[in-house]
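One structure is given here, and the rest of the page talks about it.
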């Protein structure tokens, strides 16, 4: 064995120990803790926790509610998202660029802010739309009441539609227009083409998008907490949160959480199978070659639908939040006497919990993004170049957290890190661990794409010219992977800014983040401050997105 | 079979004129190739004929009936045409048989009859054993045959082909050329064939319409277009040639830019007294001085390339101020750097307009 080979194996071992050990600890730790805890009893293993979790009728109601919510959101998101995607990908509808941009904005808008805004708009008593309705008609009853299952379905659908649009646009663009034109010239009219050619071909993607929308509705915490709890009903995620309220019943929560995770994993598995089964969809393709089209009368109908959606998902909610943020008291009329910038001064400089939460959030997001991007780059490179044995298994493990709902992950982490050897609970580090675990998959995907994008021959060329493996990595692969690394960083940083569903169980007094503070202030009824924080969060998110849309836009399939 | 008549056809995308006034008459059962470099408007012309685009000006008639005029376009599904796409555009979710029978549904053919016709057509393209396969399970050549079968089974009046061979590898491409010509002779369908490959056009078409910058610049049989190009562009696009710029002194007298006289084939009268170019194909230049011919160019071999069937020489000719390409049989061993005298029969020195 040559000295060189020995050296390489040592480096490989180091990579394995570092990245591998970390990944195993991050992902396997909370899962094992969940399972053990749910089975633990005073005298060894028992199923008593499951009985406690699922026997009382009051705990079973939330399961039905979650099911109703998820199924409705899935169906409505497809009903709304598919025509919007069609309009974007297959028509010459005017304002397509604007609609695309606003769909992306809706995609990055946290659902708890959407819920907050719609409470301002459609709360039964003081909601702006209801007040306007009463003023116009003289009626006593409100027009709509957001504090209802219908209201919750509405708000969550608004935030799930972009998932369907993004996936359906991707599927439509991957379809060469030739296939549709071939059907036209074979004698099929436009509707027959859509029915016999286009829809069957994109059906797997649409079904996959439906499942993702269902999953999103199932694991969401923020919007249900803001709408369902005041409306006096629970869904599974808010019920999990309730188990953590005094007196906490952590083991019962673990038993309650596991089936939710199994369902989430099942949905994801089916969705992957649908997309993976490309058996017949791999014929030739110059992908999505855009062709000039003549404008038709249908374009205006599509535009009407798109405008309706962006009004409900973006224009009205953003307007409501901005208005509340700029008001002394949002319930009063929005006249100059009521205008103020004091809310911004208050949350940024005066009020200590918000100020420290902002600092915490920015630091936490940046540190998590950096650690996540580097760790997954290492994993992706090791797996892509087969540097160490078992790298593929590690890579698969890095994707597992996709199937762990944030609040379920939090239950697991809570169990692991409230006790030795690593009592992280009470520090900001437990949030770091939670975020890092939760966003491993998305960062890994970005980095894997980057590694795939660098053909091995580029590095081999460097090595034939005398470069070592390390030099080839440093001088060739790394510079070419830089866009992938950067998007991995952003794809962690942006959602980490607004993460709520795991933070809600893991924060303590000195480790609050913005999303948690928003929820607390909402419970206290300080809606001007909530709106102000929300506006700041959205402004930061959209500014980053606008500055980097060239990098991320292609990943979202919307440019 | 149907005849196709394009009259004054124009189509612009934004300010870019893709088709800038195309006139073309295709006779019934004729095979016409639209040949030109990418961006010359040939594909746009084909898509206008198919009815996927509406013309800005001009009209398209089939058997005298107007199918396309500005603002009035019979949609593709009611034009009685068939089309073969560069990507083949086979529907991956349908079997070979379902792909081929799809168009018959819309033609009011009953199922039993459709089954018979699909079977017969698959036999014709030698794919009868693959009826139940999916396109993704076929090779490129087999996919191409399915595309042909799907287009021909509906017995179209007109067949349109958009670069149908460019997704195939070189050997297959040559084979499919003959296959397409064979099927044309068997069915006699009026055919418009878009390609940028001159060898493909020459091998398949009855007539070639050479397109350049949105117009048809020359139309004729393959031999006419190759042997008697109307412009330097056509001469250079169809096969290799040497272009020598200069001045047309008289009907058979040409002066290259450096003053060297070239005796030429009779030039069209309207070119006399103007700047022009002389086109000499590489295989019309002789490497060894032969007695007699008036065109003699002294030069030196810059490069000699052996490629089996012949040799290719690049010869620097100071009196013309340029180098000429010469094709020769591989027998004469002329080394690089050796002086040679090129000769050319005036009959092969064609005078063409400057542009």
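Protein chains in written order, with the numbering used here: chain A, 6 to 564; chain B, 195 to 549. Cβ coordinates follow ideal geometry from the N, Cα and C atoms, glycine included.
Taking all protein chains shown into account, residue 500 of chain B has fewer than 16 neighbouring C-beta atoms within 10 Å of its C-beta and is therefore exposed.
Here DSSP, grouped into helix, strand and coil, assigns residue 292 of chain B to helix.
For residue 406 of chain B, there is no enclosing alpha helix (DSSP H); the residue is part of the beta strand (DSSP E) that begins and ends at 401 to 406. Proximity of residue 192 of chain A to chain B, defined by a Cβ-Cβ separation below 8 Å, is satisfied. Contact between residue 279 of chain B and residue 183 of chain A holds, since their C-beta atoms are separated by about 4 Å, short of 8 Å. Excluding sequence positions up to five before and after residue 477 of chain A, its CB lies within less than 6 Å of the CB of 464, 467, 468, all in the same chain and listed in chain order. When Cβ-Cβ separations below 8 Å define contact, residue 253 of chain B makes no contact with chain A. Contact annotation, residue 192 of chain A with residue 320 of chain B: C-beta distance approximately 25 Å; criterion of less than 8 Å not satisfied.
Residue 508 of chain A is a Cβ neighbour of residue 521 of chain A, given a cutoff of 8 Å. The contact set of residue 301 of chain B on chain A, defined by CB atoms closer than 7 Å, consists of 192 in chain order. Along the stretch 326 to 367 of chain B, the beta strand (DSSP E) occurs as fully enclosed runs of 3 or more residues at 352 to 356, listed in sequence order. Inclusion of residue 493 of chain A and residue 415 of chain A in the CB contact set at 8 Å is not warranted, their separation being larger than that value. Close to residue 188 of chain A, with beta-carbon spacing below 8 Å, are these residues of chain B in chain order: 285, 296.
For residue 277 of chain B, a Cβ of chain A is located within less than 8 Å of the residue's own Cβ.
Each of A:87, A:535, A:135 was checked against the Cα of residue 176 of chain A, and the nearest Cα belongs to A:87.
Under a 10 Å Cβ-count criterion, residue 406 of chain B is classified as buried, with 16 or more other Cβ atoms of the shown protein chains found around its own Cβ.
At least 8 Å separates the CB of residue 207 of chain A from every CB of chain B.
Around the C-beta of residue 381 of chain A, 16 or more other C-beta atoms lie within 10 Å, and the residue is accordingly described as buried. With the rule of 3 Cβ pairs closer than 8 Å, the stretch 321 to 334 of chain B does not count as touching the stretch 263 to 280 of chain B.
Going by C-alpha positions, residue 419 of chain B is about 58 Å away from residue 388 of chain A. Flagged as an interface residue toward chain B: residue 184 of chain A, by a C-beta distance shorter than 8 Å. Short of 7 Å from the beta carbon of residue 540 of chain A, and not among the five residues preceding or following it, lie these beta carbons of its own chain, in chain order: 326, 327, 330. For the pair residue 449 of chain A and residue 373 of chain A, the CB atoms are not nearer than the 8 Å cut-off. Within chain A, the C-beta atoms nearer than 8 Å to that of residue 270 of chain B come from 186, 189, 190, in chain order. Per DSSP, the unbroken beta strand (DSSP E) holding residue 200 of chain B starts and ends at 198 to 207. Nearest to residue 231 of chain A by C-alpha distance, out of A:243, A:180, A:224, is A:243. Under the three-state reduction of DSSP, residue 474 of chain B is assigned to strand. Assignment of residue 503 of chain B by DSSP, reduced to helix, strand and coil, places it in the coil class.
A Cβ-Cβ distance of about 6 Å is found for the pair residue 545 of chain B and residue 472 of chain B, placing them in contact under the 8 Å criterion. Secondary structure of residue 376 of chain A (DSSP, three-state): helix. Residues of chain A with a Cβ closer than 9 Å to the Cβ of residue 324 of chain B do not exist, since the nearest Cβ in that chain sits about 14 Å away.
Note on residue 286 of chain B: 16 or more other CB atoms within 10 angstroms of its CB, so buried under the neighbour-count rule. Annotation: the continuous alpha helix (DSSP H) that includes residue 190 of chain A extends over 182 to 190. The criterion of a C-beta distance shorter than 8 Å is satisfied by residue 413 of chain A and residue 262 of chain A. Proximity of residue 348 of chain B to chain A, defined by a Cβ-Cβ separation below 8 Å, is satisfied. Runs of the beta strand (DSSP E) spanning 3 or more residues and lying entirely within the stretch 491 to 541 of chain B occur at 505 to 511, 516 to 522, 533 to 538, in chain order.
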